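Each remark here refers to the structure printed beneath this line.
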Ligand code: BGC
């Protein structure tokens with residue numbers, strides 16, 4: 334019978350304990366000192382009284398993150414850590430800052446550190462499939478956090494309804510601009526979410542394109558989600574259309590920031606509706622200042638808590654209890670998709686401010702004394 338990883342962990346820990354109690358070394362010989370024994374799958378650490386306390390029952394989660402260079406992921410990191418610790422588990426976090434090879438080697442390091450389960454925010458939806466294979470080869474389950482890992486046997490996917498994000502953006506902008514020239518600035522082509530966001534936008538605007546009301550005059554991905562690439566894209570969109578653009582949908586707030594920089598340079602900021610996503614502080618400020626029309630707020634605390642709760646369940650060998658599936662090109666992945674919320678200047682107080690995502694003081698910093 335195949336033993337679960339947790340069972341193996343307990344066996345190794347038990348052996349380690351026997352060794353400490355009988356003060357033996359690896360050859361079964363008696364030793365004069367008792368040293369903490371560390372193995373890949375177990376550890377002994379000092380308890381508050383200074384003695385040795387077994388921690389083998391504490392679930393250890395590896396959190397492999399794409400990047401910590403963006404505001405949103407810093408929140409995810411802190412909220413996920415807090416959620417894991419509130420469940421009595423522990424987490425080791427590594428971030429690759431956009432480097433695929435680094436993310437893979439960091440995941441290997443985490444696997445080697447005796448984790449019970451691996452949670453991954455993939456930089457590259459396809460390249461990270463190899464991480465899943467490696468983890469599974471030693472009996473460790475993998476959870477895709479916020480972004481799907483494609484063509485891999487992942488055990489769980491916890492995210493938001495990302496197609497809905499795009500739909501909310503397009504609904505808000507088409508209400509203001511039912512006819513005209515649209516620019517779409519997408520996210521990173523390598524991120525499955527970028528494709529879902531775009532799909533959501535086109536779910537709404539395609540019928541209007543077919544009617545001849547909307548024309549998409551520019552449509553490009555912003556490599557690696559960077560504002561500087563979005564800025565270059567928006568400059569190109571404006572110059573190709575002699576600045577005659579009526580609306581812009583950007584895949585997130587960082588790229589919306591690049592777009593608004595390009596509009597500002599042409600004296601157009603605040604005159605052309607712009608949508609973003611993430612409810613970043615800078616975007617919330619632009620909304621109340623009038624240069625960005627809307628953002629999509631995704632309550633990250635709820636995501637972090639759900640992912641932590643289900644990761645711990647899976648690590649214990651329990652069922653995650655999901656009720657929907659998402660196809661990742663290989664399997665139907667058990668999934669949880671949380672609901673995103675559209676935010677504009679009219680509901681900003683009752684959404685992101687009421688939730689404590691940002692303080693009122695910070696959001697209105699530049700418009701109120
Ligand atoms: C996330 C967005 C984020 C983007 C860039 C996407 O996968 O869902 O919230 O803005 O990555 O980091």
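Numbering (our numbering), first residue to last: 334 to 702.
In this text, a Cβ means the ideal position worked out from N, Cα and C, and glycines have one as well.
The model shown is predicted, which means the values in this text are computed figures rather than measured ones.
query                                                                                                              : result
Whole alpha helix (DSSP H) elements within the segment 516-550, 4-residue minimum                                  : 525-543
Residue 417 beta carbon less than 7 Å from that of residue 629                                                     : no
Proximity below 7 Å, CB of residue 409 to CB of residue 633                                                        : yes
Outcome for residue 691 when other beta-carbon atoms lying within 10 angstroms are tallied against a minimum of 16 : buried
heavy atom of the ligand BGC below 6 Å from residue 480 C-beta                                                     : yes
For residue 492 and residue 670, believed in contact at Cβ under 8 Å, the rounded distance                         : 6 Å
Helix, strand or coil at residue 492 [DSSP, three-state]                                                           : strand
Simplified DSSP state of residue 402, which is helix, strand or coil                                               : coil
Inter-residue Cα distance where the pair is residue 583 and residue 462                                            : 28 Å
Short Cβ contact (7 Å threshold) for residue 617 with residue 696                                                  : yes
Where the alpha helix (DSSP H) containing residue 614 begins and where it ends                                     : 614-622
Reference residue 577, options 419, 474, 606, 645, closest by Cα                                                   : 606
Residue 657, buried or exposed, once every other Cβ within 10 Å from all chains shown has been counted against 16  : exposed
Backbone secondary structure at residue 500 - three-state DSSP                                                     : helix
Sub-7 Å separation of residue 610 and residue 619 beta-carbons                                                     : no
CB-CB length for residue 394 against residue 424, believed under 8 Å                                               : 4 Å
DSSP beta-bridge partners of residue 554                                                                           : 519
Buried versus exposed call for residue 684 [16 or more other C-beta atoms within 10 Å across all chains shown]     : buried
Closer than 6 Å: residue 430 CB and nearest the ligand BGC heavy atom                                              : no
Which residues DSSP lists as bridging residue 668, in chain order                                                  : 490, 657
Distance between residue 456 and residue 556 (C-alpha atoms, nearest Å)                                            : 12 Å
Euclidean distance between Cα positions of residue 435 and residue 525                                             : 19 Å
Assumed close pair residue 549, residue 542 - CB separation to whole angstroms, cut-off 8 Å                        : 7 Å
Heavy atom of the ligand BGC within 6 Å of residue 441 beta-carbon                                                 : no
Check: residue 554 C-beta below 6 Å from any heavy atom of the ligand BGC                                          : no
Closer than 6 Å: residue 585 CB and nearest the ligand BGC heavy atom                                              : yes
Where residue 575 falls: helix, strand or coil (DSSP)                                                              : coil
From 460, 427, 649, 454, residue whose alpha carbon lies closest to that of residue 478                            : 454
Member of 480, 484, 450 whose CA lies at the smallest distance from the CA of residue 469                          : 450
Collapsed DSSP secondary structure at residue 289 in the structure displayed                                       : This structure cannot settle anything about residue 289, because the visible part of the chain is limited to 334 through 702.
Straight-line Cα distance separating residue 627 from residue 599                                                  : 21 Å
Spatial distance of residue 483 from residue 474 (CA atoms)                                                        : 15 Å
Per DSSP, the bridge partner or partners of residue 514                                                            : 548
Spatially closest choice to residue 516 from 689, 460, 579, 466, by CA coordinates                                 : 579
Cα-Cα separation, residue 594 to residue 514                                                                       : 19 Å
Which of helix, strand or coil DSSP assigns to residue 451                                                         : strand
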